[in-house]
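Following the working numbering, the numbering of the sequence shown begins with 8 at its first residue and continues without gaps.
Using N, Cα and C, we set each Cβ at its ideal position, and we do this for glycine too.
These figures come from a predicted structure and were not determined experimentally.
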Amino acid sequence: MGWIIAIVVGGIAGWLASLVMNRDASMGIFWNVVVGCIGSVIGNLIANQFGWAGSVQEFSITGLIIAFIGAVVLLAIVNLVQRGRVR
Numbered sequence: 008m009g010w011i012i013a014i015v016v017g018g019i020a021g022w023l024a025s026l027v028m029n030r031d032a033s034m035g036i037f038w039n040v041v042v043g044c045i046g047s048v049i050g051n052l053i054a055n056q057f058g059w060a061g062s063v064q065e066f067s068i069t070g071l072i073i074a075f076i077g078a079v080v081l082l083a084i085v086n087l088v089q090r091g092r093v094r
């Protein structure tokens, strides 16, 4: 059951991050979930440096915020990489 909650929270975090980073039009549901789940790992790495703890496997606002911050960081990195690429 924990992995279902992680996917749902990851999807919400990825969707909110894509709205903030103006990438919502180019991403679908699948990529929102992927960005949210990978972002939650990045967010937990960042949060552990500050002594915060949050898990997306058991729904909490702290876990959602940490996943959102990680997803924003991930999308910022993707934007920087794509900006340097020739189109």
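Within the same chain, Cβ atoms closer than 6 angstroms to the Cβ of Gly77 are found at Gly46, Ser47, Ile49 and Gly50, the five residues on either side in sequence being excluded. A direct Cα-Cα distance of roughly 6 angstroms separates Val16 from Leu71. Beta-carbon to beta-carbon, Ala20 and Phe75 are separated by about 5 angstroms, close enough to satisfy the 8 angstroms threshold.
Boundaries of the alpha helix (DSSP H) harbouring Asn51: Ile36 to Gln56, taken from the DSSP string. For Phe66, the secondary structure class from DSSP, reduced to helix, strand or coil, is coil.
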